[in-house]
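Take a look at the structure set out below.
Residue numbers (the UniProt record's numbering): 1 to 212.
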């Protein structure tokens with residue numbers, strides 16, 4: 001069964017490049033990004049892991065922990081990390097799960113037989129502090145992930161969790177947001193959105209972004 005938005009992210013215990021990981025315990029009260037890779041020493045994934053390391057401060061200020069997964073063993077991960085650090089001019093600062101027995105891959109439905117019977121697909125999950133899956137994306141092997149988009153979605157999720165708004169197409173942090181259609185009471189709207197709003201249509205009301 002594939003994971004759906006709102007499902008509890010499966011817990012697991014597995015070896016990693018940073019030692020044994022008990023996932024829910026490791027995540028604690030943080031948001032999490034779990035992303036899988038077909039194998040160690042693959043070129044696109046090398047750039048992705050390097051970029052994730054470089055984005056450490058961006059993840060940290062959002063309260064997000066990153067963790068990667070590959071079906072290769074721990075000793076292979078350590079050798080790959082050396083390559084990533086060298087070629088991407090960074091220091092990998094997050095765990096890479098060693099899922100040699102496919103335990104986590106099965107829990108997260110990362111083996112897609114029509115793509116490969118043995119290698120995990122390149123999926124990504126954003127998980128909130130309640131351990132709920134909030135975003136899933138699966139990329140083809142030929143296309144590197146857009147980590148700016150991942151950060152953008154996390155910004156949107158964290159904003160909309162705290163305010164009765166949604167974020168429009170191509171929204172970036174600081175842009176106008178949409179007041180949710182279910183909010184009808186004008187007194188509550190004035191209280192929540194003191195800067196006012198403009199109604200393009202009765203169902204499309206734009207307001208300056210509230211403070212996160």
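Beta carbons: idealized from backbone N, C-alpha and C, even for Gly. Owing to the predicted nature of the structure, the values given are computational and were not obtained by experimental measurement.
{"query": "So does residue 71 have its beta carbon nearer than 6 angstroms to some heavy atom of the ligand GDP?", "result": "With respect to small molecules bound, the structure shown includes none, and the ligand GDP cannot be examined in it."}
{"query": "Report the rounded CA-to-CA distance for residue 158 versus residue 147, giving the unit in angstroms.", "result": "16 angstroms"}
{"query": "Relative to the C-alpha of residue 189, which candidate in 207, 176 and 175 has its C-alpha closest?", "result": "207"}
{"query": "Could you spell out where the beta strand (DSSP E) holding residue 55 opens and where it closes?", "result": "Careful: residue 55 lies outside any beta strand (DSSP E) and carries neither H nor E."}
{"query": "Would you please state the rounded distance, in angstroms, between the beta carbons of residue 156 and residue 167? I believe it to be under 8 angstroms.", "result": "4 angstroms"}
{"query": "One question on the structure: do residue 67 and residue 95 come within less than 7 angstroms of each other, judged by their Cβ atoms?", "result": "yes"}
{"query": "Is it right to say residue 118 is buried, meaning 16 or more other beta carbons lie within 10 angstroms of its own, or is it exposed?", "result": "Model confidence at residue 118 stands at a pLDDT of 47, short of 50, so the residue's coordinates are unreliable; what they give is reported in the following sentence. Residue 118 should be labelled exposed."}
{"query": "Let's test the definition: count the other Cβ atoms within 10 Å of the Cβ of residue 214 and tell me whether it reaches 16, buried, or not, exposed.", "result": "What is shown of the chain runs 1 to 212, which leaves residue 214 out entirely."}
{"query": "Please confirm whether residue 104 and residue 69 have their CB atoms less than 7 angstroms apart.", "result": "yes"}
{"query": "Considering Cα atoms alone, identify which of 204, 194 and 142 is closest to residue 122.", "result": "142"}
{"query": "Taking C-alpha atoms, which residue in 209, 204 and 201 lies nearest to residue 195?", "result": "209"}
{"query": "Would you mind reading off the limits of the beta strand (DSSP E) that contains residue 171?", "result": "That residue, residue 171, is in no beta strand (DSSP E); it is neither H nor E in DSSP."}
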